[in-house]
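Q: In the working numbering, the protein residues as written are 22 to 308. Glycine residues also receive a C-beta, built at the ideal position from the N, C-alpha and C atoms.
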Amino acid sequence: MKCSVKAPAKINLSLDAVKKRDDGFHEVEMIMTMVDLADRIDLTDTDDGQITVDVSEGFVPNDQRNLAYQAASLLKERFQVERGVHIYITKRIPVAAGLAGGSSDAAATLKGLNQLWNLGLSLDELAEMGAQIGSDVSFCVYGGTALATGRGEIIKPIASPPACWVILAKPPIGVSTAEVYKRLRVNDVEHANTQAMVQAIEQQSFVDICSNLHNVLETVTLEMYPEVKHIKDQMIRFGADGVLMSGSGPTVFGLVEHESRMHRIYNGLRGFCQDVYAVRLIRTRDS
Ligand SMILES: C[C@](O)(CO)[C@H](O)COP(=O)(O)OP(=O)(O)OC[C@H]1O[C@@H](n2ccc(N)nc2=O)[C@H](O)[C@@H]1O
Ligand SMILES: Nc1ncnc2c1ncn2[C@@H]1O[C@H](COP(=O)(O)OP(=O)(O)OP(=O)(O)O)[C@@H](O)[C@H]1O
Numbered sequence: 022m023k024c025s026v027k028a029p030a031k032i033n034l035s036l037d038a039v040k041k042r043d044d045g046f047h048e049v050e051m052i053m054t055m056v057d058l059a060d061r062i063d064l065t066d067t068d069d070g071q072i073t074v075d076v077s078e079g080f081v082p083n084d085q086r087n088l089a090y091q092a093a094s095l096l097k098e099r100f101q102v103e104r105g106v107h108i109y110i111t112k113r114i115p116v117a118a119g120l121a122g123g124s125s126d127a128a129a130t131l132k133g134l135n136q137l138w139n140l141g142l143s144l145d146e147l148a149e150m151g152a153q154i155g156s157d158v159s160f161c162v163y164g165g166t167a168l169a170t171g172r173g174e175i176i177k178p179i180a181s182p183p184a185c186w187v188i189l190a191k192p193p194i195g196v197s198t199a200e201v202y203k204r205l206r207v208n209d210v211e212h213a214n215t216q217a218m219v220q221a222i223e224q225q226s227f228v229d230i231c232s233n234l235h236n237v238l239e240t241v242t243l244e245m246y247p248e249v250k251h252i253k254d255q256m257i258r259f260g261a262d263g264v265l266m267s268g269s270g271p272t273v274f275g276l277v278e279h280e281s282r283m284h285r286i287y288n289g290l291r292g293f294c295q296d297v298y299a300v301r302l303i304r305t306r307d308s
């Protein structure tokens, strides 16, 4: 038996850290949404009881460090599954980019194995297990657009933003999420207006979404890596309607309403940045 699952990337339209907790994590308020740049996870059920991983990109770990491996291992142990699985990951989402590639691979593996191993778990149960792997995994299990609180694992679905283009540009550096949170001074930053972003989305106001884009982690990453600030400035100069760094970076995204302008920005950025993508937001059907 085999199954294939798409694992899309996320962007943070708004990311606020309210305070640092005693367990070392930050209490956050984030508005997250999925874009149609995705990894592909192929799962093949095996009868040797082993979990094995292969990845199309050589520099992504193919052992216990892989978040998809951890997802399979968690399900196998919790439900005493005797079967094994071979996981093949076709990587399209840039790695250590702030786009939750590894988290989405883990979420897709949880969902795929739920089917392949006939576990009958609900999305809520899969999301709860996902939270044990990483803070972004629960959101990736649900997908769509959501307000994420707690350390990122408490998910409240909201409406999808209006359709638009999303240009992603990643400078050739990897950023450590742990390091960025460690350097963050929650009391010295300008906080996001999360409620204003929720309202802008509910009212389908593209203009208000663009004016409320805010990510407190920019205060750290832009200072550490001036090339991220440079890409942000270029995207604004080329005419994106709204520009922000995603997650802990270094990927910068630009929201663009009109296709002709999207082409102009994409071509302009390609001149000095190799990793540039023009994608769409993934909108859920009921919104
Ligand atoms: C930056 C974001 O990607 C935005 O969506 C997330 O907040 C981080 O999600 P993630 O990469 O899944 O993070 P995890 O793997 O859970 O945590 C990595 C490290 O980031 C820090 N961390 C993470 C989440 C959080 N709410 N507060 C934190 O301080 C912790 O030091 C943690 O050890
Ligand atoms: N399936 C996976 N795909 C990519 N990286 C993985 C995977 N599993 C484990 N990793 C490890 O996780 C690290 C972070 O990768 P990832 O692409 O998930 O970062 P990210 O997009 O910044 O995540 P986030 O936005 O959740 O902080 C990588 O350096 C890699 O070694």
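(1) In the stretch 44 to 110, which residue ranges form an unbroken beta strand (DSSP E) of at least 3 residues, counting only runs that do not cross its ends?
(2) Pick out whichever of Gly-155, Gly-173, Val-277 has its Cα sitting closest to the Cα of Ser-35.
(3) Go ahead and pull the three-state DSSP assignment for Asn-233.
(4) Excluding five sequence neighbours on each side, which residues of the same chain lie with their C-beta closer than 6 Å to the C-beta of Arg-301?
(5) Give the DSSP bridge partners of Met-266, in chain order.
(6) Rounded to whole angstroms, what is the Cα-Cα separation between Gln-225 and Pro-183?
(7) Output the distance between the C-alpha atoms of Gly-275 and Ala-38, rounded to the nearest integer angstrom.
(8) As a quick exercise: from Met-256, Ser-269, Phe-227, Gln-255, pick the residue whose alpha carbon is nearest that of Glu-244.
(9) If we ignore side chains and look at the alpha-carbon of each, how far apart do His-235 and Asp-262 end up?
(10) Give the secondary structure of Lys-132 by DSSP, where H, G and I count as helix, E and B as strand, and everything else as coil.
(11) Name the DSSP beta bridge partners of Asp-296, please?
(12) Under 8 Å, with one C-beta from each stretch per pair, do the stretch 156 to 168 and the stretch 48 to 62 reach the 3-pair mark?
(13) Who pairs with Pro-182 in a beta bridge, going by DSSP?
(14) Report all residues from its chain with a CB closer than 6 Å to the CB of Gln-91; omit the five preceding and five following residues, and keep chain order.
(15) Would you kindly work out how many angstroms separate the C-alpha atoms of Ala-148 and Leu-134, rounded to a whole number?
(16) Given 8 Å as the limit, tell me if Lys-191 has its C-beta closer than that to any heavy atom belonging to ligand 1.
(17) At the level of alpha carbons, what is the spacing between Leu-120 and Ala-128?
(18) Report all residues from its chain with a CB closer than 8 Å to the CB of Asp-75; omit the five preceding and five following residues, and keep chain order.
(19) Would you call the CB atoms of Thr-3 and Arg-206 closer than 9 Å?
(20) How far does the beta strand (DSSP E) with Leu-168 in it extend, from its first residue to its last?
(21) Between which two residues does the alpha helix (DSSP H) harbouring Ile-32 extend?
(22) Taking contact to mean at least 3 C-beta pairs separated by less than 8 Å, is the stretch 176 to 192 in contact with the stretch 274 to 290?
(23) Measure the beta-carbon distance from Ala-190 to Val-297 and round it to whole angstroms, keeping in mind my assumption that it falls under 8 Å.
(24) Report, in whole angstroms, the separation of the C-beta atoms of Phe-259 and Ile-230, which I expect to be a contact under 8 Å.
(25) For Lys-112, which of Val-102, Arg-104, Ser-124, Gly-105 has the nearest alpha-carbon?
(26) According to DSSP, what are the bridge partners of Ile-176?
(27) Starting from Thr-240, trace the alpha helix (DSSP H) both ways and give me its first and last residue.
(28) Relative to the C-alpha of Leu-102, which residue among Asp-63, Ala-152, Ala-199, Asp-68 is closest?
(29) I'd like the span of the alpha helix (DSSP H) that includes Ser-281, first residue to last.
(30) Just confirm the distance between the C-beta atoms of Pro-193 and Gln-71, as a whole number of angstroms; I'd bet it's less than 8 Å.
(31) Check the C-beta distance from Met-256 over to Ile-188 and give it rounded, since I have them as a contact under 8 Å.
A: Quick answer:
(1) 47 to 67, 72 to 76
(2) Counted from its first residue, the sequence shown places residue 35 at position 14. Cα-wise, what sits closest to Ser-35 is Gly-173.
(3) Walking along the sequence shown from the start, residue 233 turns up at place 212. Coil at Asn-233, not helix or strand.
(4) Along the sequence shown, read from residue 1 onward, the residue named residue 301 stands at position 280. Once the five neighbours on either side are set aside, the close Cβ partners of Arg-301 are Asp-57.
(5) The sequence position of residue 266 within the sequence shown is 245, counting from 1. Its beta-bridge partners are Val-273.
(6) In the sequence shown, residue 225 corresponds to position 204, counting from 1. In the sequence shown, residue 183 corresponds to position 162, counting from 1. Approximately 6 Å, taken between the alpha carbons.
(7) By 1-based counting over the sequence shown, the position of residue 275 is 254. By 1-based counting over the sequence shown, the position of residue 38 is 17. One C-alpha to the other measures close to 22 Å.
(8) Your numbering for residue 244 matches position 223 in the sequence shown. Minimum Cα distance to Glu-244 is reached at Ser-269.
(9) Within the sequence shown, the letter at position 214 stands for residue 235. Within the sequence shown, the letter at position 241 stands for residue 262. In this structure, the CA atom of His-235 is about 14 Å from the CA atom of Asp-262.
(10) Sequence index remark: in the sequence shown, residue 132 carries index 111 (1-based). In this structure, Lys-132 counts as helix in the three-state DSSP scheme.
(11) The sequence position of residue 296 within the sequence shown is 275, counting from 1. Answer is Lys-191, bridged to Asp-296.
(12) yes
(13) Translated into positions along the sequence shown, residue 182 becomes position 161. Under the DSSP definition of a beta bridge, Pro-182 lacks any partner.
(14) For the purposes of this step, residue 91 is taken as residue 70 along the sequence shown, with counting starting at 1. Counting only Cβ-Cβ distances below 6 Å, and skipping sequence neighbours, we find Ile-154.
(15) As a first step, residue 148 is located in the sequence shown; it is residue number 127 there, counting from the start. As a first step, residue 134 is located in the sequence shown; it is residue number 113 there, counting from the start. Approximately 14 Å between the Cα atoms of the pair.
(16) Here residue 191 refers to the residue found at position 170 when the sequence shown is read from its first residue. Checking every heavy atom of ligand 1 against the Cβ of Lys-191, none is found closer than 8 Å.
(17) By 1-based counting over the sequence shown, the position of residue 120 is 99. By 1-based counting over the sequence shown, the position of residue 128 is 107. Between Leu-120 and Ala-128, the C-alpha separation is close to 14 Å.
(18) As a working mapping, residue 75 is identified with position 54 in the sequence shown. Within the same chain, Asp-75 has close Cβ partners Asn-83, His-107, Ile-108, Tyr-109, Ile-110.
(19) This structure cannot settle anything about residue 3, because the visible part of the chain is limited to 22 through 308.
(20) Along the sequence shown, read from residue 1 onward, the residue named residue 168 stands at position 147. In the DSSP assignment, Leu-168 falls within the unbroken beta strand (DSSP E) covering 166 to 170.
(21) Here residue 32 refers to the residue found at position 11 when the sequence shown is read from its first residue. Note, Ile-32: premise wrong, no alpha helix (DSSP H); beta strand (DSSP E) at 23 to 41.
(22) yes
(23) In the sequence shown, counting from the first residue as 1, residue 190 sits at position 169. In the sequence shown, counting from the first residue as 1, residue 297 sits at position 276. So it is a contact: roughly 5 Å between Cβ atoms.
(24) Start at 1 with the first residue of the sequence shown, and residue 259 comes out as number 238. Start at 1 with the first residue of the sequence shown, and residue 230 comes out as number 209. That pair is no contact at about 19 Å.
(25) Position 91 of the sequence shown, counted from the first residue, corresponds to residue 112. It is Ser-124.
(26) Within the sequence shown, the letter at position 155 stands for residue 176. The secondary-structure analysis by DSSP pairs Ile-176 across a beta bridge with Ala-169.
(27) The sequence position of residue 240 within the sequence shown is 219, counting from 1. Run containing Thr-240: 239 to 245, per the alpha helix (DSSP H) assignment.
(28) Counted from its first residue, the sequence shown places residue 102 at position 81. Position check: residue 102 holds Val in this sequence, whereas Leu was assumed. Closest by C-alpha distance to Val-102, out of Asp-63, Ala-152, Ala-199, Asp-68, is Asp-68.
(29) Counted from its first residue, the sequence shown places residue 281 at position 260. Counting along the chain, the alpha helix (DSSP H) containing Ser-281 begins and ends at 280 to 291.
(30) For this step, residue 193 is matched to residue 172 along the sequence shown. For this step, residue 71 is matched to residue 50 along the sequence shown. Approximately 35 Å separates the beta-carbon atoms of Pro-193 and Gln-71; this is outside 8 Å, ruling out the contact.
(31) Mapped onto the sequence shown, residue 256 falls at position 235. Mapped onto the sequence shown, residue 188 falls at position 167. Right, their Cβ atoms sit about 7 Å apart.
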